[in-house]
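These protein sequences, in sequence, are chains A and B.
So that you can map any letter, position 170 of the first sequence is 170 in full-length UniProt numbering, and since no number is skipped, the others follow by simple counting.
So that you can map any letter, position 178 of the second sequence is 178 in full-length UniProt numbering, and since no number is skipped, the others follow by simple counting.
Note that beta-carbon positions come from the ideal geometry of N, C-alpha and C, so glycine has one too.
There are 2 protein chains.
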Amino acid sequence: MRKVQKHDRISVITNILTNNPNKIFTLTHFCNIFDCAKSTISEDLDVVKDIFAQYDLGNIETISGAAGGVYYNPLMTKEQIREFTNELCEMINHSERIIPGGYIYTNDLLYSPTISKNIGRALASLFKDVEVDYIITVETKGIPIALMTAMILNKPMVVVRNQSKLTDGTVIHMNYITGSNHRIKTMCLSTKAIKKGSKVLFIDDFMKAGGTAKGIIDLMQEFEAEMVGIGVLMATKNPEKKVVEDFKTLLWLDTVDENNKVVDIYNVE
Amino acid sequence: MRKVQKHDRISVITNILTNNPNKIFTLTHFCNIFDCAKSTISEDLDVVKDIFAQYDLGNIETISGAAGGVYYNPLMTKEQIREFTNELCEMINHSERIIPGGYIYTNDLLYSPTISKNIGRALASLFKDVEVDYIITVETKGIPIALMTAMILNKPMVVVRNQSKLTDGTVIHMNYITGSNHRIKTMCLSTKAIKKGSKVLFIDDFMKAGGTAKGIIDLMQEFEAEMVGIGVLMATKNPEKKVVEDFKTLLWLDTVDENNKVVDIYNVE
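Shown next, in the form of structure tokens:
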């Protein structure tokens with residue numbers, strides 16, 4: 001077997017960090033792979049860190065001390081988010097996406113792993129300073145972007161269901177009122193899903209009046225958990241007043257003009 | 001700005017390929033990033049390819065010719081799949097996972113981005129020689145592993161629903177019979193979801209008699225699409241005879257002994 005070269009270490013370290021966003025690796029982890037000294041790995045990490053910074057690939061963060069290590073935070077810059085959400089607007093603004101009733105067909109975008117991963121990366125970037133234990137969402141369409149956000153933040157995802165299934169075991173079952181048309185709907189979540197005292201970030205594909213987000217806030221009280229953020233792909237301009245106070249959205253949907261086949265959607269500056 | 005070094009190219013190329021499994025990049029793509037000659041990138045790719053092979057990180061494949069390029073296929077080796085599914089068995093085989101009725105609580109595993117990504121990688125590896133246009137699944141619990149399989153294979157995912165929603169637009173709605181207890185259930189899929197003549201791979205978390213998989217096969221006929229593979233995380237030993245012929249599973253579930261609190265689960269050799 002050939003001698004381990006610096007290129008080898010740079011490439012393997014890059015692969016491992018890229019594949020495991022926000023997971024902390026000790027220097028020893030890499031020392032064991034290459035059978036080399038910590039000082040060598042430390043130098044390599046400095047090189048990788050500089051390269052990632054220079055090419056806007058996200059941040060390599062080092063934690064010093066005995067419990068120290070290194071992790072990769074694939075943050076998007078504001079410019080990268082703007083560029084990506086511009087592309088999303090272009091993809092969404094097509095007349096054939098308009099569904100009778102003023103809705104928009106977005107399944108293909110939400111279910112594309114490439115697009116949902118970038119949405120997750122953008123949403124994770126919006127909440128980079130928030131401490132979170134779980135990413136929570138409601139079935140079904142929000143699951144891919146919630147999972148991708150969870151993957152980027154390296155946190156477990158929790159899915160609230162509209163009806164409980166046998167395999168959920170014991171569940172907490174709550175009725176809530178939708179924000180826009182005041183219908184009664186149901187939320188169910190396994191009692192095993194969230195530990196007491198946790199902080200949760202709610203991620204969903206769409207927000208109109210915010211009734212679902214409000215429902216999750218109420219449901220979290222039953223788990224003695226706290227909602228620390230709400231992030232959605234798309235929020236409607238109307239109603240302007242939502243039933244929740246703070247939320248972040250990547251896109252604003254103004255009007256869907258069924259007659260003239262125009263979707264008025266724009267990204268957040 | 002400092003001069004571009006070989007380390008820079010190796011690290012950036014590794015990051016881009018790792019972040020975009022099975023996406024083909026032209027050499028020109030990388031030439032533009034570094035403002036260098038194709039021959040330089042070609043040499044770099046050979047280096048990365050050798051490193052990935054040596055450290056079992058998956059395959060770097062090059063396509064020669066005018067339409068040529070390079071892509072990363074993060075295949076797991078048989079040994080890696082065995083090791084990972086062994087870990088899964090250990091995680092699942094806990095008495096507190098047993099739900100009355102002989103079911104097992106696995107939501108936390110399925111909804112963990114790290115675990116579902118590895119499941120997706122293992123499932124994608126089982127179907128590495130199959131040509132696929134879409135990954136298809138049925139809501140809800142199968143979505144994360146289907147999305148991760150789709151991410152690894154770089155294909156869109158399609159989610160069949162139990163009832164249609166406004167935002168699905170026009171749907172095809174089909175009743176089918178569950179394989180184990182012969183109940184009538186419903187499958188709905190937007191007519192926009194799949195192009196005619198496509199090949200689909202069905203991914204789900206659990207298979208008992210295979211009624212859902214059979215339902216998808218029938219549903220695909222309405223889309224003039226062909227099911228080319230069925231992959232599940234876990235299949236039950238009983239009934240031994242499933243209603244579908246060919247499927248692949250990572251785990252076999254033999255018995256769930258509610259009295260003695262033992263789960264008999266094992267991986268495929």
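Could you give the first and the last residue of the continuous beta strand (DSSP E) run that contains alanine 235 of chain B?
Bounds of the beta strand (DSSP E) holding alanine 235 of chain B are 226 to 236.
Going along chain B in order, which residues have a C-beta closer than 9 Å to the C-beta of asparagine 59 of chain A?
What asparagine 59 of chain A touches in chain B: nothing, since even the nearest Cβ is about 13 Å away.
Would you check if the distance between the CB atom of leucine 233 of chain A and the CB atom of isoleucine 145 of chain A is smaller than 8 Å?
Against a cut-off of 8 Å, the Cβ pair of isoleucine 145 of chain A and leucine 233 of chain A comes out as a contact.
Can you find the residues in the same chain that come closer than 8 Å, C-beta to C-beta, to tyrosine 266 of chain A, ignoring five residues on each side of it along the sequence?
Around tyrosine 266 of chain A: Cys89, Leu251, Trp252, Asp254.
Give me whichever residues DSSP pairs with isoleucine 13 of chain B in a beta bridge.
Beta-bridge pairing links isoleucine 13 of chain B to no other residue.
Can you grab the Cα-Cα spacing for the pair asparagine 19 of chain A / isoleucine 216 of chain B, in whole Å?
In a straight line, the C-alpha of asparagine 19 of chain A is about 32 Å away from that of isoleucine 216 of chain B.
Beta-bridge partners of histidine 173 of chain A, as assigned by DSSP:
Histidine 173 of chain A is bridged to A/Cys188.
By the criterion of Cβ-Cβ separation under 8 Å, what are the contact partners of lysine 192 of chain A in chain B?
Ordered by position in chain B, the residues that pass the 8 Å Cβ test against lysine 192 of chain A are Tyr105, Asn107, Asp108.
Can you give me, in chain order, the residues of the segment 89 to 103 of chain A that have a beta carbon less than 7 Å from any beta carbon in chain B?
Taking 7 Å as the Cβ-Cβ cut-off against chain B, the residues of the segment 89 to 103 of chain A that qualify are Ile99, Gly101, Tyr103.
C-beta neighbour in chain A for valine 243 of chain B, strict 8 Å:
No - not a single Cβ of chain A is within 8 Å of the one on valine 243 of chain B.
Would you mind reading off the limits of the beta strand (DSSP E) that contains threonine 137 of chain B?
134 to 138 is the extent of the beta strand (DSSP E) around threonine 137 of chain B.
Contact set for methionine 148 of chain A: own chain, Cβ-Cβ below 6 Å, skip 5 residues either direction:
Within the same chain, Cβ atoms closer than 6 Å to the Cβ of methionine 148 of chain A are found at Ser116, Lys117, Gly120, the five residues on either side in sequence being excluded.
Nonlocal neighbours in the same chain, by C-beta distance under 6 Å from threonine 249 of chain A, ignoring five residues either side:
Cβ neighbours of threonine 249 of chain A beyond the five flanking positions: Val232, Ala235.
Neighbour list for arginine 82 of chain B in chain A, Cβ cutoff strictly below 8 Å:
Ordered by position in chain A, no residue passes the 8 Å Cβ test against arginine 82 of chain B, which lies about 20 Å from the chain.
Note the first and the last residue of the continuous beta strand (DSSP E) segment covering asparagine 162 of chain A.
It is not in any beta strand (DSSP E) - asparagine 162 of chain A carries neither H nor E in the DSSP assignment.
Candidates A/Ala53, A/Ile203, A/Leu153, A/Asn238: closest to methionine 227 of chain A by CA position
Comparing alpha carbon positions, the residue from A/Ala53, A/Ile203, A/Leu153, A/Asn238 closest to methionine 227 of chain A is A/Ile203.
Give me the chain A residues within the contact set of serine 112 of chain B, using Cβ-Cβ distance strictly less than 7 Å, ordered along the chain.
In chain order, Pro156 make up the part of chain A whose C-beta sits under 7 Å from the C-beta of serine 112 of chain B.
Using a beta-carbon distance below 8 Å, is histidine 173 of chain A in contact with chain B?
Taking Cβ atoms only, chain B never reaches closer than 8 Å to histidine 173 of chain A, which makes this a no.
Looking at threonine 62 of chain A: is its Cβ nearer than 8 Å to the Cβ of leucine 75 of chain A?
Contact flag unset, no.
So the beta strand (DSSP E) lysine 199 of chain B belongs to, where does it begin and stop?
Taken as a continuous stretch (DSSP letters only), the beta strand (DSSP E) holding lysine 199 of chain B covers 199 to 207.
Chain A contact residues for arginine 161 of chain B, given Cβ-Cβ distances below 9 Å
Arginine 161 of chain B reaches chain A at Thr140, counting residues in chain order whose Cβ is nearer than 9 Å.
Closer than 7 Å between beta carbons: that is the criterion. Which residues of the segment 16 to 38 of chain B meet it against chain A?
For the segment 16 to 38 of chain B, the beta-carbon criterion of a distance under 7 Å to any beta-carbon of chain A is satisfied by Thr18, Asn19.
My guess is that tyrosine 176 of chain A and glycine 211 of chain A are in contact by the Cβ rule of under 8 Å, so how many angstroms apart are they, rounded?
That belief holds up - the Cβ atoms of tyrosine 176 of chain A and glycine 211 of chain A are roughly 7 Å apart, short of 8 Å.
Starting from valine 262 of chain B and walking both ways along the beta strand (DSSP E), at which residues does that stretch end?
Here the beta strand (DSSP E) through valine 262 of chain B covers 262 to 267.
Which residues does DSSP list as the beta-bridge partners of glutamate 61 of chain B?
DSSP, once it has assigned bridges, lists B/Tyr71 as partnering glutamate 61 of chain B.
Within 8 Å (strictly less), CB to CB, does tyrosine 55 of chain A reach chain B?
For tyrosine 55 of chain A, the closest Cβ of chain B is nearer than 8 Å.
Hey, how far is the Cα of alanine 193 of chain B from the Cα of valine 256 of chain A?
Taking the straight line from one Cα to the other gives about 22 Å.
Given that glycine 169 of chain B touches chain A, what residues does it touch there, using C-beta distances under 7 Å?
Result: Ile99, Tyr105.
Does DSSP classify aspartate 246 of chain A as helix, strand or coil?
Aspartate 246 of chain A carries a coil assignment under DSSP once its states are collapsed to helix, strand and coil.
Can you tell me which of A/Lys199, A/Tyr55, A/Ile60 puts its alpha carbon nearest to the alpha carbon of residue 284 of chain A?
The structure shown does not extend to residue 284 of chain A, since chain A spans only 1 to 269, so no value can be given for it.
Out of A/Arg97, A/Met187, A/Asp205, state which residue places its alpha-carbon closest to the alpha-carbon of aspartate 264 of chain A.
Nearest option by C-alpha distance: A/Arg97.
Ignore the nearest five residues each way along the sequence and tell me which others in glutamate 139 of chain B's own chain have a CB closer than 6 Å to its CB.
Non-local C-beta neighbours of glutamate 139 of chain B in its own chain, meaning closer than 6 Å and more than five positions away in sequence, comprise Val159, Arg161, ordered along the chain.
C-beta contact flag for isoleucine 51 of chain B and leucine 17 of chain B at 8 Å
One thing to note: isoleucine 51 of chain B has its Cβ no nearer than 8 Å to the Cβ of leucine 17 of chain B.
Cβ neighbours of isoleucine 10 of chain A in the same chain (closer than 7 Å, five flanking residues each side left out):
Only Asp44, Val47, Val48 meet the Cβ criterion.
Run through chain B and tell me which residues come within less than 7 Å of aspartate 257 of chain A, C-beta to C-beta.
None at all; the shortest Cβ gap to chain B is about 17 Å.
Output needed in chain order: residues of the segment 223 to 239 of chain A with a Cβ under 9 Å from some Cβ in chain B.
Within the segment 223 to 239 of chain A, no residue qualifies.
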